[in-house]
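K.L.:
Residue numbers (the numbering used here), protein chains in the order written: chain A, 155 to 482; chain B, 155 to 482.
1. Distance check for residue 248 of chain B and residue 414 of chain A, CA to CA, integer angstroms please.
2. Looking at the structure shown, is residue 462 of chain A part of a helix, part of a strand, or coil, going by DSSP?
3. Less than 8 Å between the C-beta atoms of residue 239 of chain B and residue 268 of chain B, yes or no?
4. So what does DSSP say about residue 316 of chain A, is it helix, strand or coil?
5. Quick one: give me the first and last residue of the alpha helix (DSSP H) that residue 221 of chain A is part of.
6. Report the residue from A:407, A:364 and A:456 whose alpha carbon sits nearest the alpha carbon of residue 479 of chain A.
7. Going along chain B, which residues have a C-beta under 7 Å from residue 292 of chain A?
8. Using the Cα positions of residue 420 of chain A and residue 390 of chain A, report the straight-line distance between them to the nearest angstrom.
9. For residue 325 of chain A, which option in A:190, A:292 and A:459 has the closest C-alpha, if you only look at C-alpha atoms?
10. Buried or exposed for residue 158 of chain A, please, with buried defined as at least 16 other CB atoms from any protein chain shown within 10 angstroms of its CB.
11. Quick one: any contact between the segment 264 to 280 of chain B and the segment 230 to 244 of chain B, if contact means 3 or more CB pairs under 8 Å?
12. Determine the chain B residues that contact residue 243 of chain A at a beta-carbon separation under 9 Å, and present them in chain order.
13. Rounded to whole angstroms, what's the CA-CA distance from residue 434 of chain B to residue 297 of chain B? Just pull it up for me.
14. Taking the alpha helix (DSSP H) that residue 204 of chain B belongs to, which residues open and close that run?
15. For the segment 312 to 331 of chain A, enumerate the residues whose C-beta is nearer than 7 Å to any C-beta of chain B, in chain order.
16. Count the other CB atoms within 10 Å of the CB of residue 245 of chain A; is the residue buried (16 or more) or exposed (fewer)?
17. Helix, strand or coil: which one does DSSP assign to residue 248 of chain B?
18. Distance, Cα to Cα, residue 175 of chain A vs residue 218 of chain A?
19. When you compare only the Cα positions, how much space is there between residue 170 of chain A and residue 205 of chain A?
20. Would you check if the distance between the CB atom of residue 258 of chain B and the CB atom of residue 195 of chain B is smaller than 8 Å?
21. If residue 222 of chain B and residue 342 of chain B are in contact, beta carbons under 8 Å, what's the gap, nearest whole angstrom?
22. Determine the chain E residues that contact residue 248 of chain B at a beta-carbon separation under 8 Å, and present them in chain order.
23. Using the three-state DSSP reduction, which class does residue 168 of chain A fall into: helix, strand or coil?
24. So, helix, strand or coil for residue 382 of chain A, using DSSP?
25. Kindly list the residues whose CB is nearer than 6 Å to the CB of residue 449 of chain A, restricted to its own chain and excluding five residues on each side of it in sequence; keep chain order.
26. Does the beta-carbon of residue 173 of chain A have 16 or more other beta-carbons within 10 angstroms, so that it is buried, or is it exposed?
27. Does the beta carbon of residue 406 of chain B sit closer than 8 Å to a beta carbon anywhere in chain A?
28. Since residue 467 of chain A and residue 458 of chain A are thought to touch, with beta carbons under 8 Å apart, how far apart are those beta carbons, to the nearest angstrom?
29. Of all Cβ atoms in chain B, is any one closer than 8 Å to the Cβ of residue 226 of chain A?
30. Looking at the secondary structure, which residues open and close the alpha helix (DSSP H) in which residue 343 of chain A lies?
31. Could you tell me which residues DSSP pairs with residue 253 of chain B in its beta bridges?
32. Taking C-alpha atoms, which residue in A:299, A:385 and A:282 lies nearest to residue 368 of chain A?
33. I think residue 312 of chain B touches residue 233 of chain B, with their Cβ atoms under 8 Å apart; what is that distance to the nearest whole Å?
34. Measuring straight from C-alpha to C-alpha, what distance separates residue 475 of chain B and residue 438 of chain B?
35. Measuring alpha carbon to alpha carbon, tell me which of A:216, A:186 and A:387 ends up nearest residue 339 of chain A.
36. Excluding sequence positions up to five away, which residues of its chain have a Cβ less than 7 Å from the Cβ of residue 155 of chain B?
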């Protein structure tokens with residue numbers, strides 16, 4: 155085919171609409187007072203990158219369209235469930251431009267609703283009837299928990315290596331991108347070497363995605379999420395730009411101490427936070443981190459050169475570009 | 155065989171020890187500061203009734219011992235994960251004779267640790283390589299959430315029917331007993347009619363188990379759990395003995411009003427609670443509820459008459475008896 159696909163979202167729209175349908179069906183819950191809250195949350199979900207990657211990973215092969223749609227709905231719902239718990243852990247007030255569940259319901263109810271969404275997502279994975287898909291699904295959930303626990307237990311500490319950071323964001327974010335691509339390839343019945351290559355693709359795209367997220371947090375904050383710039387720092391979460399910035403500082407210098415005061419939570423004044431954010435911005439650390447994200451995005455493309463369908467390959471490449479072009 | 159097994163726990167001990175091993179391996183977590191807490195919690199788990207039922211359900215057939223042990227560890231870990239979240243929801247201080255995780259860790263960490271245990275339990279289910287087992291596993295988790303959400307949303311209300319109560323405890327408790335028996339029968343490769351019969355057996359045993367729990371809460375409370383008698387009432391949880399007691403009262407009578415004050419949370423004085431508990435005890439409602447539990451236990455036995463192995467049948471019957479003979 156000679157048509158260059160310039161918009162993966164338009165081309166994949168019919169499939170994504172089927173995913174949407176499955177998703178809304180799975181998110182139905184028998185409690186009128188929360189049904190709308192859950193549906194709003196599911197409907198407000200951004201670009202559906204994870205389902206998209208899953209669908210595309212299976213697209214070039216003798217794929218099983220119905221199971222691809224089912225599994226795609228499963229990964230999006232797993233993502234949603236993990237956001238629900240994550241917002242409760244962080245006591246976040248806004249998500250996807252709306253008040254979080256935990257800002258309108260007792261935290262106990264939110265924990266159980268998150269569990270309910272996990273259960274529904276697991277049922278979608280199970281409905282593929284593929285033990286291997288289910289196994290990837292379960293181990294991805296374990297990876298996500300590992301990443302989130304690492305973020306919590308390593309919070310408020312400046313002595314973090316880039317390796318620790320990468321391990322953490324792999325768990326928290328990239329594992330589900332990797333798992334989505336792997337599940338799609340398996341359901342599509344891709345040859346084993348392609349399954350592994352697509353998993354690598356997903357992993358690299360996911361790493362790029364999270365690094366960009368971390369840069370955006372310092373560059374502009376997010377009006378939509380209701381977060382000021384530097385929100386991660388106030389949570390004690392040390393991300394790549396901060397690691398890069400700190401590596402250029404002399405330990406115990408005034409700038410180092412200011413940073414450490416904010417990260418450790420010892421100083422909570424907005425003025426101090428703003429000053430540290432300005433210093434990070436001025437150091438060039440955001441650009442350095444963006445280059446890292448672009449490196450992951452470029453590497454992701456190298457994994458898919460063997461994919462048999464040119465249009466699919468171009469759409470996978472487009473997703474890697476989209477991830478780096480995001481703004482908050 | 156002519157030997158009457160009088161102690162299912164002794165006979166099944168070698169298998170249960172293998173389950174224990176799998177369980178401890180799955181509960182390992184890469185965070186030294188919480189590993190011991192998780193292991194303590196897993197080790198302190200009572201009689202292992204759910205794994206036992208799963209093992210026994212597969213025992214009489216051409217069973218697959220390794221997968222039975224794996225799935226048995228899976229259901230126990232699912233149970234543990236759900237207790238972790240449940241204790242967080244209830245803000246419980248003690249569980250299995252020890253401080254709960256949420257009394258020693260920030261609630262965010264406990265939510266994530268519960269999720270981690272869910273993930274590990276799902277991995278055990280997936281390791282059986284049986285799509286049907288995984289599917290039952292996932293739908294059981296959905297049933298548990300449904301039961302817990304019902305308990306929460308129906309809390310503090312006296313206008314509850316017995317049907318609503320039964321639906322709630324099926325989800326909260328009996329669904330996992332039912333699912334355990336069903337999974338065991340499937341892994342053991344039992345004929346389909348036996349799979350269904352064993353599921354019914356598990357369901358009835360689970361219903362008996364929860365009713366006895368609810369009676370014990372009013373009869374004696376639980377020193378081990380650190381709960382005084384009538385703890386459920388203080389949580390606004392209306393259980394079978396209370397439903398039976400209330401059905402004998404004239405609406406708006408003084409006794410009704412006292413009960414409603416406690417259930418609604420309007421009156422939180424210990425003296426009022428003690429008086430209401432005494433009135434429930436004096437009404438014969440505890441005995442009536444126990445007869446209901448015994449009815450479920452007796453019915454559970456009727457489902458297993460076709461089981462091909464007499465020793466296994468006797469052990470399944472023994473479990474039904476054990477459930478009704480418990481004390482707090």
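The beta-carbon is built from N, C-alpha and C at its ideal position, and this holds for glycine as well.
As the structure is a computational prediction, the values presented were derived from the model and not from experiment.
P.N.:
Let me lay it out:
1. Walking along the first chain from the start, residue 414 of chain A turns up at place 260. Walking along the second chain from the start, residue 248 of chain B turns up at place 94. Rounded to the nearest whole angstrom, the C-alpha separation of residue 414 of chain A and residue 248 of chain B is 37 Å.
2. On the first chain, residue 462 of chain A is found 308 positions in, with the first residue counted as 1. Reduced to three states, the DSSP call for residue 462 of chain A is coil.
3. Taking the first residue of the second chain as 1, we reach residue 239 of chain B at position 85. Taking the first residue of the second chain as 1, we reach residue 268 of chain B at position 114. Between residue 239 of chain B and residue 268 of chain B, the CB-CB gap stays under 8 Å.
4. Here residue 316 of chain A refers to the residue found at position 162 when the first chain is read from its first residue. DSSP places residue 316 of chain A within a helical segment (H, G or I) once states are collapsed to three.
5. Residue numbering aside, residue 221 of chain A sits at position 67 when the first chain is read from its first letter. Where residue 221 of chain A is concerned, the enclosing alpha helix (DSSP H) stretches over 219 to 244.
6. As a working mapping, residue 479 of chain A is identified with position 325 in the first chain. Sorting A:407, A:364 and A:456 by C-alpha distance to the C-alpha of residue 479 of chain A places A:364 at the top.
7. On the first chain, residue 292 of chain A is found 138 positions in, with the first residue counted as 1. The contacting residues are 273, 276, 277 and 280.
8. Here the question's residue 420 of chain A lines up with position 266 in the first chain. Here the question's residue 390 of chain A lines up with position 236 in the first chain. CA-to-CA, the gap between residue 420 of chain A and residue 390 of chain A works out to about 10 Å.
9. Translated into positions along the first chain, residue 325 of chain A becomes position 171. Of the listed residues, the one whose Cα sits closest to residue 325 of chain A is A:292.
10. For the purposes of this step, residue 158 of chain A is identified with residue 4 of the first chain, where counting begins at 1. Only weak support is given to the placement of residue 158 of chain A: the predicted model assigns it a pLDDT of 47, under 50, and the question is left unresolved by the model.
11. Yes, they touch.
12. Here the question's residue 243 of chain A lines up with position 89 in the first chain. Neighbours of residue 243 of chain A on chain B, chain order: 260, 261, 262, 263, 265 and 266.
13. Numbered from its first residue, the second chain carries residue 434 of chain B at position 280. Numbered from its first residue, the second chain carries residue 297 of chain B at position 143. The alpha-carbon atoms of residue 434 of chain B and residue 297 of chain B are separated by roughly 30 Å.
14. Within the second chain, residue 204 of chain B is the residue found at index 50, counting from 1. Unbroken alpha helix (DSSP H) run through residue 204 of chain B: 203 to 213.
15. Answer set for the segment 312 to 331 of chain A: empty.
16. By 1-based counting over the first chain, the position of residue 245 of chain A is 91. Burial call: exposed.
17. Taking the second chain and counting its residues from 1, the one referred to as residue 248 of chain B is at position 94. Strand.
18. Within the first chain, the letter at position 21 stands for residue 175 of chain A. Within the first chain, the letter at position 64 stands for residue 218 of chain A. In this structure, the alpha-carbon of residue 175 of chain A lies about 18 Å from that of residue 218 of chain A.
19. Here the question's residue 170 of chain A lines up with position 16 in the first chain. Here the question's residue 205 of chain A lines up with position 51 in the first chain. Here the alpha carbons of residue 205 of chain A and residue 170 of chain A stand approximately 8 Å from one another.
20. Locating residue 258 of chain B in the second chain gives position 104, where the first residue counts as 1. Locating residue 195 of chain B in the second chain gives position 41, where the first residue counts as 1. Using a Cβ distance threshold of 8 Å, residue 258 of chain B and residue 195 of chain B do not count as a contacting pair.
21. By 1-based counting over the second chain, the position of residue 222 of chain B is 68. By 1-based counting over the second chain, the position of residue 342 of chain B is 188. Yes, they are in contact, since the Cβ atoms of residue 222 of chain B and residue 342 of chain B sit about 7 Å apart, within 8 Å.
22. Looking at the structure shown, chain E is missing, and the protein chains on hand are A and B.
23. Within the first chain, residue 168 of chain A is the residue found at index 14, counting from 1. DSSP places residue 168 of chain A in helix when its eight states are reduced to three.
24. Within the first chain, numbered from 1, the residue matching residue 382 of chain A stands at position 228. Taken through DSSP and simplified to helix, strand or coil, residue 382 of chain A comes out as coil.
25. Position 295 of the first chain holds residue 449 of chain A. There are no such residues.
26. Sequence index remark: in the first chain, residue 173 of chain A carries index 19 (1-based). By the Cβ neighbour-count rule, residue 173 of chain A is buried, with 16 or more other Cβ atoms within 10 Å of its own.
27. On the second chain, position 252 is the one that residue 406 of chain B refers to. Contact with chain A is absent for residue 406 of chain B, since none of that chain's Cβ atoms lies less than 8 Å from the residue's Cβ.
28. Within the first chain, numbered from 1, the residue matching residue 467 of chain A stands at position 313. Within the first chain, numbered from 1, the residue matching residue 458 of chain A stands at position 304. With 8 Å as the limit, residue 467 of chain A and residue 458 of chain A qualify as a contact, their Cβ atoms being about 5 Å apart.
29. Counted from its first residue, the first chain places residue 226 of chain A at position 72. Answer no: the Cβ-Cβ gap between residue 226 of chain A and chain B never drops below 8 Å.
30. Residue numbering aside, residue 343 of chain A sits at position 189 when the first chain is read from its first letter. Looking at the DSSP string, residue 343 of chain A is not in any alpha helix (DSSP H), and its letter there is neither H nor E.
31. One-based indexing of the second chain puts residue 253 of chain B at position 99. In the DSSP output, where bridge partners are listed per residue, residue 253 of chain B has B:248.
32. As a position in the first chain, residue 368 of chain A is number 214, starting the count at 1. For residue 368 of chain A, the closest C-alpha among the options A:299, A:385 and A:282 is that of A:385.
33. Looking up residue 312 of chain B in the second chain gives position 158. Looking up residue 233 of chain B in the second chain gives position 79. Between residue 233 of chain B and residue 312 of chain B the Cβ distance is about 30 Å, and since that is not below 8 Å, they are no contact.
34. The residue labelled residue 475 of chain B in the question sits at position 321 within the second chain. The residue labelled residue 438 of chain B in the question sits at position 284 within the second chain. So the two alpha carbons sit approximately 22 Å from each other.
35. For the purposes of this step, residue 339 of chain A is taken as residue 185 along the first chain, with counting starting at 1. Distances from the CA of residue 339 of chain A to each of A:216, A:186 and A:387 were compared; the closest alpha carbon is that of A:216.
36. Along the second chain, one-based indexing puts residue 155 of chain B at 1. No answer about residue 155 of chain B holds up, because its pLDDT of 38 lies below 50 and its placement is not dependable.
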